[in-house]
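Numbering of the sequence shown is given in our numbering, commencing with residue 43 and proceeding in unit increments.
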Amino acid sequence: MAISTQYKNQSIASQPLAGFGRFVPKISGRLRATLLLILASTLVPSVIILWLDGRPKPFKEFFITPFISLVYSSCIGGLLSIGLNLSLRGFLNKSPLVKFLYLTVLIAAATLIGFFLGSSILLGFNALIGFSYFGVDWGTWRISLFMGLLFGVIMFAVDSLKFKLEKTELELRTKQLSEAKAKNLATEAQLSSLESRVRPHFLFNTLNSISALIREEPEKAERTVERLAALLRFSLDAANQKTVALREEIRVVRDYLEIEKTRFGERLKFSFDIEDAAENFKIPPFAVQTLVENSIKHYISKNRAGGEICISARIKNNFLQLEVSDDGAGFDENNISENHGLDNLQSRLAALYGETA
């Protein structure tokens, strides 16, 4: 109760300040940094010029000198900012020597051009008011060059860091979107695969095959029931997994093919050629299963003579080369529809592995 009362009192006490805050303009971090940089580039040269002169100064000089510095810093800083923004991204990936030479030339050019531009502006003010109120010392270009180099390096470092942070944030967002897309596609594939297991047609054929085996081959019927249970269990367990080991996928594919063999008999032949080194590679769940189901649905079941499905996996140049083939006529990849299992598989692989898939 005491904590609640204290919190309530603090909220009441802060209300006047909160109301006053509505009339105070908010300054973004980038604008604040820009204002601080302008302030520093104005005051530092002013202090240097007044200190190097050494002579007693009238009071008005303490206002005129910062104004002159502001004109120069605005001209030089503006040119530097434009030059960095236009070409920064193209030079960040260059070698240190190229970046150093580029930065030196850019700062020197922006400083000299900005110095003459600022001097022209001050001379224009003098001509406008009719007498030389703002003194222009052409010999101070060295100070301008020094300050340009100093603040140019600071601006380059800040902009480079900002660009790298934006690039990292963009890569992180892209990765998160890819993972989310891969997860959604995997969920669709899992639901589709689970649907193919539990749809009445598949279950009816499987149970009918088991029923026919019970009297003549009870042991084979028992193994078929175990394989069907393993198939359903894998479909449920893989729901929260983005990838599974290839050996787990191959084990499920074997069970699936053995179940289908009880229905197709000698019409269905299959073989596996899996390298030992490939068994630990991670792949999306149902990746091989989708290809095998496609062969059975579009080739084996429609061919009276049946056919053979071959599954192979090997390591080549540190990549997993996975192949599912049959001895059918094949098909045109351009004719794959959006809702086709192969289209879903291609999208999942692209989301997980990018262009290397």
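By construction, the Cβ of each residue, glycine as well, lies at the ideal position given by its N, Cα and C atoms.
{"Asked": "Inter-residue spacing [alpha-carbon to alpha-carbon] between G307 and T210", "Found": "56 Å"}
{"Asked": "Within 9 Å, strictly: CB atoms of K339 and T304", "Found": "no"}
{"Asked": "Burial state of L355 (16 or more Cβ within 10 Å)", "Found": "Reading off the sequence, residue 355 comes out as Ala, not Leu. Label assigned to A355: buried."}
{"Asked": "C-alpha gap between E208 and V295, whole angstroms", "Found": "44 Å"}
{"Asked": "CB contact flag (G370, S337, <9 Å)", "Found": "yes"}
{"Asked": "The segment 315-322 touching the segment 284-292, judged by at least three CB pairs closer than 8 Å", "Found": "yes"}
{"Asked": "Residue from N282, V200, C352, P138 with nearest C-alpha to D315", "Found": "C352"}
{"Asked": "C-alpha distance - N250 paired with I301, whole-angstrom precision", "Found": "11 Å"}
{"Asked": "Extent of the continuous alpha helix (DSSP H) run through N301", "Found": "Per the sequence shown, residue 301 should be read as Ile rather than Asn. I301 -> alpha helix (DSSP H) spans 288-306."}
{"Asked": "CB contact flag (G349, R309, <9 Å)", "Found": "yes"}
{"Asked": "Min CB distance A287 to chain C below 9 Å", "Found": "Given the protein chain composition of this structure (a single chain), no chain C is represented."}
{"Asked": "P327 versus L278: straight-line alpha-carbon distance, rounded", "Found": "11 Å"}
{"Asked": "Start and end residues, beta strand (DSSP E) containing L361", "Found": "Looking at the sequence shown, residue 361 is not Leu but Phe. From DSSP, the beta strand (DSSP E) with F361 extends over 361-368."}
{"Asked": "9 Å Cβ cutoff met for I163 and C117", "Found": "yes"}
{"Asked": "Same chain, Cβ closer than 6 Å to F276, five either side skipped, listed in chain order", "Found": "V294"}
{"Asked": "Check whether K284 and E213 have beta carbons under 9 Å apart", "Found": "no"}
{"Asked": "Paired residues, beta bridge with F312 - DSSP", "Found": "I351"}
{"Asked": "Start-to-end residues for the alpha helix (DSSP H) that takes in Q283", "Found": "Run containing Q283: none; DSSP gives neither H nor E here."}
{"Asked": "Neighbourhood of K324 by C-beta distance below 8 Å, restricted to the same chain and skipping five residues each side", "Found": "T285, V286, A287, L288"}
{"Asked": "Among R265, K311, L362, nearest to N345 - alpha-carbon criterion", "Found": "K311"}
{"Asked": "Alpha carbon of G120 to alpha carbon of G166, nearest angstrom", "Found": "19 Å"}
{"Asked": "Length of the line joining the Cα atoms of L143 and L112", "Found": "28 Å"}
{"Asked": "Supposed contact pair V330 and F364 - C-beta distance, whole angstroms, cut 8 Å", "Found": "Note that residue 364 is Leu in the sequence shown here, rather than Phe. L364 to V330, Cβ: 7 Å. Contact."}
{"Asked": "Alpha-carbon spacing of E258 relative to Y341, whole angstroms", "Found": "29 Å"}
{"Asked": "7 Å CB neighbourhood of F158 in its chain, flanking five on each side removed", "Found": "none"}
{"Asked": "Pairwise C-alpha distance: K204 and F109", "Found": "30 Å"}
{"Asked": "Rounded separation between G125 and Q218 - CA only", "Found": "34 Å"}
{"Asked": "Exposed unless 16 or more other CB atoms sit within 10 angstroms - verdict on S115", "Found": "buried"}
{"Asked": "Cβ neighbour criterion (16 or more within 10 Å) applied to T248", "Found": "buried"}
{"Asked": "Rounded distance between the beta-carbons of A280 and D297, thought under 8 Å", "Found": "The Cβ separation is near 14 Å, so there is no contact."}
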